[in-house]
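*Asks:* Handing you this structure, nothing more for now.
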Amino acid sequence: MNEKEEELLNDFFEGKIKEDELNENCKKMIDIYRGIIKTYFSCENSVINNVKNKLNLG
């Protein structure tokens, strides 16, 4: 990824531009970030549910 693409990604994450204004490389990076975030929160929910079950809270 080059400097311009980094700037585009930063602008996207700051809400300054929309996804359709990005090039294909940036869109691929966003898909990777979304996958990481989705996996993180999925794991976090799993851990929370396991703790609740062990404590008989849920």
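Sequential numbering of the sequence shown, starting at 2, is according to our numbering.
All C-beta atoms in this analysis are idealised placements derived from N, C-alpha and C, irrespective of residue type, glycine included.
1. Using the rule of at least 16 other Cβ atoms within 10 Å of the residue's Cβ for burial, across every protein chain shown, is Leu58 buried or exposed?
2. With DSSP run on the structure shown, which of helix, strand or coil describes Lys19?
3. Going by Cα to Cα distance, which pick from Cys27, Glu20, Gly36 and Tyr41 is closest to Met2?
4. Counting Cβ pairs, one atom from each stretch, are 3 or more of them under 8 Å apart for the segment 35-55 and the segment 3-21?
*Replies:* If we stick to the structure as given:
1. exposed
2. coil
3. Cys27
4. no
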